[in-house]
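Chains as they are written, first to last, in my numbering: chain A, 1357 to 1634; chain B, 1357 to 1634; chain C, 1357 to 1634; chain D, 1357 to 1634; chain E, 1357 to 1634; chain F, 1357 to 1634. Idealized CB from N, CA, C, for every residue including glycine. Every value quoted in this text rests on a predicted model; they were computed, and no experiment measured them. Report on one structure; see the data block that follows.
Number of protein chains: 6
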Amino acid sequence: MQWNVADLLERALAEDIGPGDLTTAATVPEDARCTAVLTAKADGVLSGIELFRAVFDRLEAGVCNWRGSANGTRIAVGDTVATFSGLTRAVLTGERVALNLTQRLSGVATLTARYCDAIAGTDAVIVDTRKTTPLLREWEKAAVRHGGGRNHRFALYDGVLIKDNHIVAAGGVRPAVEAARASAHHLVRIQVEAATPAQVDEAIAAGADAILLDNMAIGDLQEAVKRTSGAGVVLEASGDMSLDRVREVAQTGVHLISVGALTHSAPALNLSLEIRNE
Amino acid sequence: MQWNVADLLERALAEDIGPGDLTTAATVPEDARCTAVLTAKADGVLSGIELFRAVFDRLEAGVCNWRGSANGTRIAVGDTVATFSGLTRAVLTGERVALNLTQRLSGVATLTARYCDAIAGTDAVIVDTRKTTPLLREWEKAAVRHGGGRNHRFALYDGVLIKDNHIVAAGGVRPAVEAARASAHHLVRIQVEAATPAQVDEAIAAGADAILLDNMAIGDLQEAVKRTSGAGVVLEASGDMSLDRVREVAQTGVHLISVGALTHSAPALNLSLEIRNE
Amino acid sequence: MQWNVADLLERALAEDIGPGDLTTAATVPEDARCTAVLTAKADGVLSGIELFRAVFDRLEAGVCNWRGSANGTRIAVGDTVATFSGLTRAVLTGERVALNLTQRLSGVATLTARYCDAIAGTDAVIVDTRKTTPLLREWEKAAVRHGGGRNHRFALYDGVLIKDNHIVAAGGVRPAVEAARASAHHLVRIQVEAATPAQVDEAIAAGADAILLDNMAIGDLQEAVKRTSGAGVVLEASGDMSLDRVREVAQTGVHLISVGALTHSAPALNLSLEIRNE
Amino acid sequence: MQWNVADLLERALAEDIGPGDLTTAATVPEDARCTAVLTAKADGVLSGIELFRAVFDRLEAGVCNWRGSANGTRIAVGDTVATFSGLTRAVLTGERVALNLTQRLSGVATLTARYCDAIAGTDAVIVDTRKTTPLLREWEKAAVRHGGGRNHRFALYDGVLIKDNHIVAAGGVRPAVEAARASAHHLVRIQVEAATPAQVDEAIAAGADAILLDNMAIGDLQEAVKRTSGAGVVLEASGDMSLDRVREVAQTGVHLISVGALTHSAPALNLSLEIRNE
Amino acid sequence: MQWNVADLLERALAEDIGPGDLTTAATVPEDARCTAVLTAKADGVLSGIELFRAVFDRLEAGVCNWRGSANGTRIAVGDTVATFSGLTRAVLTGERVALNLTQRLSGVATLTARYCDAIAGTDAVIVDTRKTTPLLREWEKAAVRHGGGRNHRFALYDGVLIKDNHIVAAGGVRPAVEAARASAHHLVRIQVEAATPAQVDEAIAAGADAILLDNMAIGDLQEAVKRTSGAGVVLEASGDMSLDRVREVAQTGVHLISVGALTHSAPALNLSLEIRNE
Amino acid sequence: MQWNVADLLERALAEDIGPGDLTTAATVPEDARCTAVLTAKADGVLSGIELFRAVFDRLEAGVCNWRGSANGTRIAVGDTVATFSGLTRAVLTGERVALNLTQRLSGVATLTARYCDAIAGTDAVIVDTRKTTPLLREWEKAAVRHGGGRNHRFALYDGVLIKDNHIVAAGGVRPAVEAARASAHHLVRIQVEAATPAQVDEAIAAGADAILLDNMAIGDLQEAVKRTSGAGVVLEASGDMSLDRVREVAQTGVHLISVGALTHSAPALNLSLEIRNE
């Protein structure tokens, strides 16, 4: 059973509301309605607006007159991101969870956009990693797309990626690739990690479909591109991928550049919800 | 029913493993064991090491010879944070979830420690907010303690905090506080948000037990401290709380300084897991 | 995740219906509708009528023409409490669970009202305890309010109440209160149990915000009220609180009187559901 | 999926503990152990002692030296019902749930025993009804057995009991019984409610296997017994079954006497848990 | 809590869709609609059509213009079984689960109909067993009814069936039947397995309400019928019940013939779903 | 969250046991133990023996002296498949679920083995489909492997398979393949269905990695093999794959032959559990 929006929101709201929102229950009349305005307090790229909205629907806020920007929209400080009308109790009870999700996801989209901007004009593509926030992977991977990046495999079940530790355990690149080939069905590709040009050769010889170039210097990346030219192999560069360095990496000719920071270290995008009585 | 370690790990592992770890199942012999070493790639404060360990226990990794630093330990780049022996399959399958959790929580602890260091010697205390990662609040609040901070209320159910929107909906500070008093049982305190010294006076007059001083300039904070002197009221400063500014805020005499960035914008602490066959 | 109406009814109906209501499925046509009348067979105070209704909604009874008394209504033997029209199968299948809940909760409200009547004119307030029916606390606490009482803390998480056993384990009243103060956030009050006037003094000295006067004789209660006069401390009397004695306790000047019997020993209020074909 | 002890305790503990026992966590050292003594404060019959114990096991209290009376034991005021050693934190955190369950179930067993005593020497048997506390039926039905009674059907799925409303909906006793016979498999018996001797005749003629004699006067009960003599039909008397009247009912020769009050109106049996440090 | 349609479909769809239908999401426009036609590729009896439909409703396919045959309908190769309009994505994503369920259940109904046809004109009835597909019992038992059969007890909880192993463990037929009588409530019948006419006598003597004639030859079945004539005991023949032999068994005069193959070995009925764009 | 053995058995046992096994509870002493012997009543290949065992472990049968054949073992009528000692109650209560699972899975393995035998000596491989029993896919796919086959993709999420309906919705083979390529990450292969040699050409031209040859005659299969020779494309034959025809298909040179009947129409393998008291 897949973890989905309903599960996520149920759990997130349970975490924050628990047995009840003491303050709102005491101070807000049950049938009061308000107009709520979501405003950007910083520049960035929007993501997670559907979760923001879904929080209030789940709390049965009676949302109407919804006007909201789409995920992927570039927003500037002071922009109105969304406005809607709803029951004040539900709006105030859900506000923090809604903001926590949307600010975090917009932070991911915003950082991704900065990386994509940095390599604009090259043939490389920014992709994410599995270094996501536990329980939020699906939405963080969407945020990467909203920021202009693409996704790597989702998880351990939808692609074979043989890393150095697997190679050690299998007794070498060749036995590792062969074991993977024998085990996987015919619609799965096999990627192998390589830290040196020599290991790139070894991976090719073993029949890898794609190679993860781990923490390679620019010169080694260039060498890897040269050695695999025409072999139909996908090359992915990874490791120490700062905004300062990413363009140079892109220019080596690798196909994919994976960046863990997109999801493990993006600061939240500052958003604010203000409310007035109707 | 409370969301607990078992639920968190079940979900987090399901997210990453799903129907199965194709690579490890294919390349690692079922009974192979390894020694794993967790190393710091940056300076910081450790948090979440119990989750790191629990991931492997949950995957029935047959962990033995565990040696790990305690949460709250200050660690430096190159330090060995933990070593253990386990079944290679389980170690490789759980590695990413274990690291994702521990790096994130250690990032929170590390940033908290920087804030605490910044106000060292003052009487103020750094506290967290509800701006936590959904589903990780319990552990992020622990990370704040590991970094030297204290916790604010956990959620909406264990304290009354009347914010500006509640005041509007209730028709003023006094009716809001009275409504809260009438509703809450006798073991709950009531805190009210104030943005100006005048609002501080109003909150005191209404009978607030604590005041949230929101986005106040240093002068206003000092005025708030002066006006409430001797009233037995807890003062909490909040908003725009950069590392540059926090010490000056602490010196005004407020009791608590709450910092959202501790949990919404802390970069992950870089940790690495290396493995060798046994 | 909070246990809520939907969970309660799902479980309660599963318990009674299980794989299916053999009798109703066999003897009642699928599309037959009936008019149902809920009648009081005894005097009392109504509580749980929303659950009564919710049972039939959950069973998709197609309820219409609903006319029902509100929770908190004083009802007399022979009164019609509610009437509605619905699908006969769902009405008969849900009848027992609906009655089991409403009779029990109305029993709690009825007994609470008797206690409140007994202390009418004093300044004391009747409050409940945690001696509730497992899984029904939320609704039994509402029933206490319907009967005119107020609620104590909901559970172990929303208030600190240091009982004699905690004092023993902590090594005295003072260390217990200090430990609680160091651990709790700033919006939680601390109550301490005392069995003698001397222990009341000790609790006050340790900084307690409220005191539970356990099983004290009237004279000791009076003494406790006298000794804490003006200290801003809440006094709660508890233990052996029969209807015969409660008024005398209330007249001592304690603020709260907690009565476990409200929820652990209230007899069900007799209600009956009669049905006729439409 | 059946609601079982683990589910019951998980939910009941979640209800009372929720996010955490603030008092115990603050005041009791993590590794402190205590000896706990459960004492009877009133005379009665014990039931639910296995749940009492299971609460502490579930909280991982490290229970040892357990000595407890068995369910069904007649206990007198002042009796030690159980003693054990355990971690103080777990003992104090679980105390209330453990007592709430055991006091309630012992209350049911105690009241059942009084009814059984009242009819001692007759051939009749006291049985329970479906008027149980929602979510506790399994344990309340066990409590009835501990008190000396027997159980009626567990729920709607394990027996056919055609009541007056079913008869109305089906268009009479005969069509109701025939419909039930056509629908049920061959291992299910069919019982029909009757309020007069004439209806008893009708039920017999329709082929009922058992008859529920509802709210009949003693004379009518005697008549029902006479008319069904030798027919191999089970007779159950029900309604207004006070302790004063039950013996007279039993003497009419009915086989079963069902009493709703056993489970819907039994007062809790007073038990107390006292603890001393080890 | 009962396993129901919603649970079944949630799990079945999760199993097949998991994190997402890669093909459909990529190739089908989000708002495209289609007309879908379900066609029989073989002769048989329809069952499970409500699940077929429910799959698409659960996937929010926006089904309209539904025209479908009823469960129990005899269908011939080439017949249109159902047509409907819906969102193409949901239709294609749900197709396989919908077909897997309906083909399997129709297979059960079809085989049952063949058995019923084989004994047409006798007084015997074809019944199912507990040899059903795990998690599908409720629907497979309905399929047996759709095919013209009747149901045996649903499971272990709604009837007593004492098999040879129970007899051994209990120390004989008599003690087994007596123990069952002492334990069961008064609405449950008791069936006993017998492999020889002598054991039939023993079961009757012990007071059995029904007898399972296990793997008996025709002669022994005839003998069993003769020996129990007039005793009001239900006779069920079981074991090695091929289509070739079942009529002869029916003619012995047994009341029920149970056939495990109905649910454990019925081949799926071939159905096909074709779609065209709207 | 993945559906796993524990979930499967919990549900399957709940389905069969529900509120309790009336017969066993009444007739078997609580501490009686037995020796159980599982015997083959037909020739075949064993699968699901780990589930058979797990049923008893889950019921806490205290299994010891377990001797069982391994999955994949070829067994003959009369063979002892497993023997063990356990608590009689648990053994009898779990027997039916254990047998239902193992007989079904062994049926799948047995039929797979017959297909594999039929193509022995060719280069083709027998693979399964998604036409599995809902909720049992993981185990049925293992059964296919135990019978000597291989697995196709597990579900909709781990491979792209563009069928005729997707082609229609996408507006042709080329746009469908291009859309899939744009959407999928770099470790997923793309397979396209083709019904004629011309469609095979079209799929190749569009860049398909694999082709599903649907319901093709032998001549067309040969033509497809010829046209794709050397293109590195995987060819899978599917449709109407009887045991009579499968060898001829294998001899065309296709790589994979998928057979739905392996999982949707395999008759159960007859196994029997006999027990004797210890």
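Work out the CA separation of Q1607 (chain C) and A1573 (chain C) for me, nearest whole Å.
The count along the third sequence starts at 1 and reaches residue 1573 (chain C) at position 217. The count along the third sequence starts at 1 and reaches residue 1607 (chain C) at position 251. So the alpha carbons of these two residues sit roughly 13 Å apart.
At least three beta-carbon pairs within less than 8 Å, the stretch 1469–1485 of chain A to the stretch 1366–1386 of chain A:
no
Assuming I1567 (chain B) and V1589 (chain B) make a contact with CB atoms under 8 Å, what is their CB distance in whole Å?
The sequence position of residue 1567 (chain B) within the second sequence is 211, counting from 1. The sequence position of residue 1589 (chain B) within the second sequence is 233, counting from 1. Their Cβ separation, rounded to whole angstroms, is 6 Å, which keeps I1567 (chain B) and V1589 (chain B) in contact under 8 Å.
Using 9 Å as the limit for Cβ to Cβ distance, is H1542 (chain E) near chain F?
Here residue 1542 (chain E) corresponds to residue number 186 of the fifth sequence, with the count starting at 1. H1542 (chain E) does not count as touching chain F.
Can you give me the C-alpha to C-alpha distance between L1491 (chain E) and N1456 (chain F), rounded to a whole angstrom?
Here residue 1491 (chain E) corresponds to residue number 135 of the fifth sequence, with the count starting at 1. Here residue 1456 (chain F) corresponds to residue number 100 of the sixth sequence, with the count starting at 1. Using only the alpha carbons, I get a separation of about 11 Å.
Got a sec? Which residues, its chain only, sit under 7 Å from G1418 (chain C) by beta carbon, not counting five neighbours each side?
Looking up residue 1418 (chain C) in the third sequence gives position 62. If we look at G1418 (chain C) and ignore the five residues flanking it on each side, its Cβ neighbours are G1442, L1443.
Nonlocal neighbours in the same chain, by C-beta distance under 6 Å from G1609 (chain A), ignoring five residues either side:
For the purposes of this step, residue 1609 (chain A) is taken as residue 253 along the first sequence, with counting starting at 1. Same-chain partners within the cutoff: V1581.
For chain A, is any of its Cβ atoms less than 9 Å away from the one on A1498 (chain C)?
Taking the first residue of the third sequence as position 1, residue 1498 (chain C) is located at position 142. No, its Cβ sits nowhere closer than 9 Å to a Cβ of chain A.
Please classify A1410 (chain A) as buried or exposed, where buried requires at least 16 neighbouring CB atoms within 10 angstroms.
Locating residue 1410 (chain A) in the first sequence gives position 54, where the first residue counts as 1. It is buried - the Cβ of A1410 (chain A) has at least 16 other Cβ atoms within 10 Å.
Check whether the stretch 1521–1531 of chain E and the stretch 1485–1503 of chain D are in contact - that is, three or more C-beta pairs closer than 8 Å.
no
Own chain, CB closer than 6 Å to E1579 (chain A), minus 5 neighbours either side, in chain order
Here residue 1579 (chain A) corresponds to residue number 223 of the first sequence, with the count starting at 1. These residues qualify, in order along the chain: P1553.
Out of curiosity, what's the CA-to-CA distance linking S1594 (chain E) and R1601 (chain E)?
If you number the fifth sequence from 1, residue 1594 (chain E) lands on position 238. If you number the fifth sequence from 1, residue 1601 (chain E) lands on position 245. Using only the alpha carbons, I get a separation of about 12 Å.
G1528 (chain F) - DSSP class collapsed to helix/strand/coil
Numbered from 1 along the sixth sequence, position 172 holds the residue referred to as residue 1528 (chain F). Coil, per DSSP.
Suppose contacts are defined by Cβ-Cβ distances below 9 Å. Is L1577 (chain F) in contact with V1453 (chain F) by that definition?
Mapped onto the sixth sequence, residue 1577 (chain F) falls at position 221. Mapped onto the sixth sequence, residue 1453 (chain F) falls at position 97. It is not a contact, given that the beta carbons lie outside the stated cut-off.
In three-state DSSP terms, what is R1509 (chain A)?
Taking the first residue of the first sequence as 1, we reach residue 1509 (chain A) at position 153. Of the three classes helix, strand and coil, the one that applies to R1509 (chain A) here is coil, per DSSP.
Check whether chain C comes within 9 Å of E1592 (chain B), counting only Cβ atoms and requiring the distance to be less than that.
Along the second sequence, read from residue 1 onward, the residue named residue 1592 (chain B) stands at position 236. Chain C, which has a Cβ nearer than 9 Å to the Cβ of E1592 (chain B), makes this yes.
Classification of K1397 (chain B) by the beta-carbon crowding that lies within 10 angstroms, buried from 16 upward:
The residue labelled residue 1397 (chain B) in the question sits at position 41 within the second sequence. Exposed: under 16 other Cβ atoms inside 10 Å.
Could you pull out every residue in the same chain whose Cβ sits closer than 7 Å to the Cβ of A1559 (chain C), ignoring the five residues on either side in sequence?
Working through the third sequence from its first residue, we reach residue 1559 (chain C) at position 203. So the qualifying residues of the chain are V1529, V1548, A1550, I1567.
Taking the CB atoms as reference points, tell me whether R1545 (chain D) and H1542 (chain E) lie closer together than 9 Å.
Counting from one through the fourth sequence, the residue named residue 1545 (chain D) turns up at place 189. Counting from one through the fifth sequence, the residue named residue 1542 (chain E) turns up at place 186. Taking 9 Å as the Cβ cut-off, R1545 (chain D) and H1542 (chain E) qualify as a contacting pair.
In whole angstroms, what separates the C-alpha of G1616 (chain D) from that of G1575 (chain D)?
Translated into the one-based positions of the fourth sequence, residue 1616 (chain D) becomes position 260. Translated into the one-based positions of the fourth sequence, residue 1575 (chain D) becomes position 219. Spanning the two alpha carbons is a distance of roughly 22 Å.
For C1420 (chain B) and I1373 (chain B), I'd like the C-alpha separation in whole angstroms.
By one-based count along the second sequence, residue 1420 (chain B) stands at place 64. By one-based count along the second sequence, residue 1373 (chain B) stands at place 17. Rounded to whole angstroms, C1420 (chain B) to I1373 (chain B) spans 23 Å at the Cα level.
Straight-line Cα distance separating P1385 (chain D) from G1434 (chain D):
Position 78 of the fourth sequence, counting from 1, holds the residue named residue 1434 (chain D). Position 29 of the fourth sequence, counting from 1, holds the residue named residue 1385 (chain D). C-alpha separation (whole angstroms): 31 Å.
Quick one: is G1586 (chain A) buried, meaning 16 or more other Cβ sit within 10 Å of its Cβ, or exposed?
For the purposes of this step, residue 1586 (chain A) is taken as the residue at position 230 of the first sequence. It is exposed - the Cβ of G1586 (chain A) has fewer than 16 other Cβ atoms within 10 Å.
Below 8 Å on the Cβ atoms is my guess for V1401 (chain B) versus A1446 (chain B); work out the distance and round it to an integer in Å.
Sequence index remark: in the second sequence, residue 1401 (chain B) carries index 45 (1-based). Sequence index remark: in the second sequence, residue 1446 (chain B) carries index 90 (1-based). Actually they do not touch by this definition, with Cβ atoms about 28 Å apart.
From the DSSP output, which residues share a beta bridge with L1627 (chain E)?
Along the fifth sequence, read from residue 1 onward, the residue named residue 1627 (chain E) stands at position 271. Beta-bridge pairing links L1627 (chain E) to E:A1396.
Can you list the residues of chain D that S1614 (chain C) reaches, using a CB-CB cut of under 8 Å?
Residue numbering aside, residue 1614 (chain C) sits at position 258 when the third sequence is read from its first letter. Simply none; closest approach about 13 Å.
Top-ranked residue by Cα proximity to A1622 (chain D), from D:R1430, D:Y1471, D:N1360, D:L1365
In the fourth sequence, the residue the question calls residue 1622 (chain D) occupies position 266. Out of D:R1430, D:Y1471, D:N1360, D:L1365, D:Y1471 has the C-alpha closest to the C-alpha of A1622 (chain D).
Cβ of V1500 (chain A) within 9 Å of Cβ of D1484 (chain A)?
Indexing the first sequence from 1 puts residue 1500 (chain A) at position 144. Indexing the first sequence from 1 puts residue 1484 (chain A) at position 128. Yes, the Cβ-Cβ distance between V1500 (chain A) and D1484 (chain A) is below 9 Å.
Simplified DSSP assignment, three categories, for R1486 (chain C)
Here residue 1486 (chain C) refers to the residue found at position 130 when the third sequence is read from its first residue. Correct three-state label for R1486 (chain C): coil.
Scan the stretch 1541–1591 of chain B and note each continuous beta strand (DSSP E) run of 3 residues or more that stays entirely inside, going in chain order.
1546–1550, 1566–1570
When Cβ atoms are compared, which residues of the stretch 1360–1380 of chain B fall closer than 7 Å to chain F?
E1366, R1367, A1370, G1374, P1375
For A1474 (chain E) and R1603 (chain E), which I take to be in contact (beta-carbon distance under 8 Å), what is that distance rounded to the nearest angstrom?
Reading the fifth sequence from its first residue, position 118 is the one you call residue 1474 (chain E). Reading the fifth sequence from its first residue, position 247 is the one you call residue 1603 (chain E). So it is a contact: roughly 5 Å between Cβ atoms.
Could you tell me how far apart the beta carbons of T1395 (chain B) and L1627 (chain B) are, in whole angstroms, since I believe they sit closer than 8 Å?
As a position in the second sequence, residue 1395 (chain B) is number 39, starting the count at 1. As a position in the second sequence, residue 1627 (chain B) is number 271, starting the count at 1. T1395 (chain B) to L1627 (chain B), Cβ: 7 Å. Contact.
How many Å lie between M1357 (chain D) and T1458 (chain F) at the Cα?
To locate residue 1357 (chain D), count along the fourth sequence from 1; it is residue 1. To locate residue 1458 (chain F), count along the sixth sequence from 1; it is residue 102. Only weak support is given to the placement of M1357 (chain D): the predicted model assigns it a pLDDT of 40, under 50, and the value that follows is read from those uncertain coordinates. Their Cα atoms are separated by approximately 22 Å.
For a minimum of 3 consecutive residues, which ranges assigned as the beta strand (DSSP E) are wholly contained in the stretch 1386–1448 of chain C?
1389–1396, 1420–1424, 1436–1443
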